[in-house]
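Q: Following this note's numbering, the numbering of the sequence shown begins with 4 at its first residue and continues without gaps.
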Amino acid sequence: DTLGRAFPELQMSSCNLMGVSPTPAVLGDALGKTVSIRKGNAVEAEKFFREKTIEMGSSAAVSLYIMSGREAKRSIISGSYSKAIGIGKTIRQAKEQGQNPIKALIENFDALSLFSGMIVDIDQSIEEGFLTGSFSITNDDTFIKVLYQNEYLAVFDGEKPLVSTPDIIIPLEQETGSPITSETLQYGVRVELIALPSPKLWTSEEALNLVGPQYFGYKIDYQDVQINKNEEIRCVTT
């Protein structure tokens with residue numbers, strides 16, 4: 004794993020952060036069309052492949068950051084697959100035991116519960132190959148807004164930022180604990196909005212310049228889930 008969560012752009016990789024070249028790189032679609040880059044940096048690869056992906060109907064696969072075992076050892080984020088499996092196992096076992104799967108997830112994975120309510124507004128469009136927009140959750144008279152660019156990037160209570168990238172923002176369907184991705188958002192679904200701490204690699208100043216909220220145009224500082232949780236700060240009373 005070279006992300007530790009989902010990010011929308013190719014340069015947002017621990018390999019790029021650690022100086023691994025993204026090229027040579029190849030992009031291909033389901034019809035067998037391919038394009039390649041022999042040399043170039045990660046930002047150039049993102050721009051070129053994004054344009055080609057749009058031409059391919061916005062569905063393509065890319066291979067990049069080819070590296071040696073030595074480079075992989077210092078560049079990749081370890082433990083991600085084990086964590087993903089652990090999250091799934093925790094939710095499954097909670098359901099089997101008649102327990103609340105979301106509560107079990109929060110307790111076992113150091114998550115922060117942000118808000119509980121119903122999705123009442125979705126505003127999205129496809130811009131330059133990205134699904135960009137926001138959705139709102141309400142509980143009585145309180146409204147929380149979640150902004151995204153393919154992936155969820157920031158949560159606001161009015162003008163107040165609650166959580167932001169690189170921490171992991173997850174709306175979960177209340178009854179099942181199933182995650183809701185940006186392309187499957189639906190009006191009227193009752194959700195629990197939680198946040199998981201980012202891998203520590205993404206919290207350095209250099210990394211935040213690459214994946215922090217200001218890169219995406221949000222004029223806010225990074226909101227650290229771990230600090231909020233340790234200080235027992237609750238973003239919204241529900």
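Virtual Cβ for every residue (Gly too), placed ideally from N, Cα, C.
(1) With a 10 Å radius around its C-beta and 16 neighbouring C-beta atoms as the bar for buried, classify C238 as buried or exposed.
(2) If I'm right that V38 touches K55 with Cβ under 8 Å, what's the distance once you round it to whole angstroms?
(3) Check this for me: beta carbons of S17 and L204, under 8 Å apart or not?
(4) I80 and G7 look like a contact to me (Cβ under 8 Å); what is the Cβ gap, rounded to whole Å?
(5) For M15 and R193, I'd like the C-alpha separation in whole angstroms.
(6) What whole-angstrom Cβ distance do L196 and F118 have, given they're in contact under 8 Å?
(7) Relative to the C-alpha of T135, which candidate in G191, E49 and V149 has its C-alpha closest?
(8) With distance defined between alpha-carbon atoms, name the residue in K86, D113, P169 and F51 nearest to I223.
(9) Give every residue of the same chain whose Cβ lies closer than 7 Å to the Cβ of E186, excluding the five residues on either side of it in the sequence, and list them in chain order.
(10) Along the chain, where does the beta strand (DSSP E) containing R2 start, and where does it finish?
(11) What do you reckon, are the CB atoms on E74 and V23 nearer than 8 Å?
(12) Compute the Euclidean distance between the alpha carbons of Q306 and G60, then round it to the nearest angstrom.
(13) Specify the secondary structure class of Y68 as computed by DSSP and reduced to three states.
(14) Here's a check: name, in chain order, each residue in its chain whose Cβ is nearer than 7 Å to the Cβ of E58, leaving out the five neighbours to either side.
(15) Restricting to Cα atoms, I'd like to know which of G180, V228 and T26 is closest to L242.
(16) Kindly indicate which three-state DSSP category A157 falls into: helix, strand or coil?
(17) Label V214 either buried or exposed according to how many other C-beta atoms from any shown protein chain fall within 10 Å of its C-beta, with 16 as the threshold for buried.
(18) Using the rule of at least 16 other Cβ atoms within 10 Å of the residue's Cβ for burial, across every protein chain shown, is R41 buried or exposed?
(19) Alpha carbon to alpha carbon, how far is D212 from S201?
(20) Apart from the five residues just before and just after K11, which ones in its own chain have a Cβ nearer than 8 Å to its Cβ?
(21) The alpha helix (DSSP H) with E209 in it runs from where to where?
(22) Whole angstroms are fine: how far does the CA of F51 sit from the CA of G35?
A: Reading it off the structure:
(1) Note that C238 scores a pLDDT of 43, beneath 50, so its modelled location is shaky and nothing firm can be said.
(2) Their Cβ separation, rounded to whole angstroms, is 5 Å, which keeps V38 and K55 in contact under 8 Å.
(3) yes
(4) With 8 Å as the limit, I80 and G7 qualify as a contact, their Cβ atoms being about 4 Å apart.
(5) 31 Å
(6) 5 Å
(7) V149
(8) P169
(9) L134
(10) Limits of the chain in this structure are 4 at one end and 241 at the other, which puts residue 2 out of reach.
(11) yes
(12) Outside the displayed span of the chain (4 to 241) sits residue 306, for which this structure offers no information.
(13) coil
(14) none
(15) Residue 242 is absent from the model: the chain starts at 4 and stops at 241.
(16) strand
(17) buried
(18) exposed
(19) For the record, residue 212 in the displayed sequence is Asn; it is not Asp. Separation of N212 and S201 (C-alpha to C-alpha, rounded to the nearest whole angstrom) is 15 Å.
(20) Per the sequence presented here, residue 11 reads as Pro, with Lys not at that position. Only F133, Q152, N153 and E154 meet the Cβ criterion.
(21) Element bounds for E209: E208 to V214.
(22) Approximately 18 Å, taken between the alpha carbons.
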